[in-house]
Amino acid sequence: MQRIRHNRLNLALAHLALITYTIIALFPLLVILINSFKTRKAIFREPLALPTPDTFSLVG
10 MQRIRHNRLN
20 LALAHLALIT
30 YTIIALFPLL
40 VILINSFKTR
50 KAIFREPLAL
60 PTPDTFSLVG
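Per my numbering: the sequence shown = residues 10 to 69.
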């Protein structure tokens, strides 16, 4: 019984570590995707902001 709990705990911790790593690895790609729809000025003004109708442009 103790071994089953220990294995479940290890499995849960491994999944938590993998999910955390995945979020950290995908964050820069998300920033690139968001910034690809903004002007250069808007990127430097607010790099993490979502594109607004004013900044939603494919022209850099």
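Even glycine gets a Cβ: it sits at the ideal position worked out from N, Cα and C.
Please report the distance separating the alpha-carbon of residue i from that of residue j.
i, j, result
"phenylalanine 36", "arginine 14", "33 angstroms"
"asparagine 19", "threonine 31", "18 angstroms"
"threonine 29", "leucine 39", "15 angstroms"
"phenylalanine 46", "alanine 23", "36 angstroms"
"leucine 59", "isoleucine 43", "6 angstroms"
"threonine 64", "arginine 17", "47 angstroms"
"threonine 48", "alanine 21", "42 angstroms"
May I ask you to report which of helix, strand or coil DSSP gives residue i?
i, result
"alanine 108", "Residue 108 lies beyond the range of the chain shown here (10 to 69); nothing can be said about it."
"alanine 58", "coil"
"phenylalanine 46", "coil"
"threonine 29", "helix"
Please classify residue i as buried or exposed, where buried requires at least 16 other C-beta atoms within 10 Å of its C-beta.
i, result
"isoleucine 52", "buried"
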